[in-house]
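Working notes, structure below.
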Amino acid sequence: MRKIIKKHNRSFFRPAEVEKIDADKKEIQTTIGNLSYDYLVLATGTKTNYFGNKTIEKHSMPMKEVSQALDIRSLILQNFEKAAIAETEEERLAFLNFVIVGGGPTGVELAGAIAELKNNILPKDYKDLDPNMMKIHLLEGHSTVLPPMSEHASRKAELFLKDLGVIVHCNTQVKDYDGKTVQTNAELTLKSETLIWAAGVTGNPVHGLNANALQDRSNRYKVNAYNQVEGFDSVFALGDIALMRTEAFPEGHPQVAQPAIQQGQLLGKNLLHLINGNPMKAFVYKDKGSMATIGRNKAVVDLKHYKFAGFFAWFIWMFIHLMSLVGFRNRVIVLFNWTYNYINFDKAARLIIRPYNKS
Ligand SMILES: Cc1cc2nc3c(=O)[nH]c(=O)nc-3n(C[C@H](O)[C@H](O)[C@H](O)COP(=O)(O)OP(=O)(O)OC[C@H]3O[C@@H](n4cnc5c(N)ncnc54)[C@H](O)[C@@H]3O)c2cc1C
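For the sequence shown, our numbering assigns the number 1 to the initial residue and increments by one for each residue that follows.
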């Protein structure tokens with residue numbers, strides 16, 4: 001954050017959690033004290049949605065924050081180690097059975113990445129384990145994976161996943177998971193030590209803004225075309241936490257990076273207009289398309305007039321994600337790592353930096 005804002009002399013960063021908003025006093029309460037505001041911009045994003053199931057929340061691995069991704073990496077590697085010394089076949093299978101819930105971009109990309117581990121790392125690094133024992137199950141409630149994308153992308157993604165050895169279960173919803181057994185609405189029951197929950201997100205609003213009046217089912221703040229929160233002229237919300245209904249997007253914009261970036265850029269200008277007494281400009285979303293990568297060499301891309309899949313799509317995915325990284329140094333390091341991994345069929349980052357304790 002500091003690296004990003006260092007160019008702006010009148011911007012300041014404070015790592016703190018906002019606990020409450022007092023819109024009457026124009027004040028926010030935070031973990032480092034209170035702060036008054038003239039204009040407040042809320043960009044608090046989303047959090048994992050367990051749809052109220054506390055048992056799943058307790059036993060599954062979420063995939064929302066970087067720390068959670070690191071935990072997943074540790075757990076996968078720990079499971080390989082435990083499988084290598086497991087005393088019974090049943091125990092070994094449970095450690096090598098990975099269940100991913102949610103066939104959206106997160107679940108699909110994760111399933112592809114874990115399949116690459118199975119295909120390229122397990123046979124080399126774990127010679128005492130039979131790679132065929134490792135199973136990756138991807139469970140999706142809809143009839144296809146990648147439901148928000150085109151039918152072409154969904155079909156191709158499922159094909160690519162199956163090629164990699166991922167077992168795809170569509171029309172399957174997880175009902176419960178006690179840390180050992182996955183129960184679904186279908187006949188399917190799976191024994192697994194690892195369930196990764198990528199089944200959805202819900203808004204992450206801050207207390208205080210008359211919650212019920214402001215959020216819909218998805219827990220997002222209803223905003224107008226200027227990102228102003230309904231009923232509050234001085235409070236704005238943008239990105240994943242904002243619900244801006246338009247004719248083209250009656251259920252709000254997709255909860256991906258582009259609406260957040262574009263709204264942020266326009267809101268910066270609009271706040272200046274507001275301060276200078278000029279009219280604000282309404283937000284219009286420029287949909288640049290969507291994409292998902294499925295392991296090495298494969299991705300699906302949906303553009304407005306063009307849909308494609310395979311190696312070229314994967315190359316475009318890599319380029320766009322590389323260019324989105326902050327700072328030249330980061331880009332060079334990531335490019336070097338990717339190239340090294342690509343040539344050597346190796347994933348360099350296989351450290352259990354912080355062992356994950358499954359309770
Ligand atoms: C695993 C995963 C993969 C994704 N991949 C893609 C992708 O490939 N392409 C794409 O376009 N989108 C992707 N997305 C979606 C994308 O990350 C979001 O749409 C985007 O980050 C939304 O930006 P935002 O600024 O609204 O919220 P966020 O990026 O979620 O930022 C919100 C921030 O607010 C902080 N916060 C929350 N509450 C408080 C509080 N009370 N006080 C202080 N701080 C608070 C949070 O810690 C967080 O840092 C992915 C999401 C996930 C989870």
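Heads up, the beta-carbon is just placed ideally off N, CA and C, and yes, glycines get one too.
- The C-alpha of A309 lies about 22 Å from the C-alpha of L139.
- Boundaries of the alpha helix (DSSP H) around A257: A257 to I275.
- Scanning I114, L209, E19 and I100 for the CA closest to the CA of T184 turns up I100.
- Judged by beta-carbon spacing, K124 lies beyond the 8 Å limit of M134, meaning their Cβ atoms are not closer than that value.
- S67 and K286 have their C-alpha atoms roughly 31 Å apart.
- H253 is classed as buried because its beta carbon has at least 16 other beta carbons within 10 Å across all chains shown.
- When the Cα atoms are used, V301 and A157 turn out to be separated by approximately 10 Å.
- The three-state secondary structure of K58, taken from DSSP, is helix.
- Take the alpha-carbon of E81 and the one of E17: they are about 38 Å apart.
- It is roughly 20 Å from the alpha-carbon of P205 to the alpha-carbon of N53.
- Unbroken beta strand (DSSP E) runs of no fewer than 3 residues, entirely contained in the segment 100-155, are found at 135-139, following chain order.
- When the beta-carbon positions are compared, F311 and N297 come within less than 8 Å of each other.
- Put simply, the backbone Cα of F283 is about 25 Å away from that of V326.
- Shortest gap from the CB of E17 to any heavy atom of ligand 1: under 7 Å.
- If you compare the alpha carbons of F345, Q78, T339 and S192 with that of R354, the shortest gap goes to Q78.
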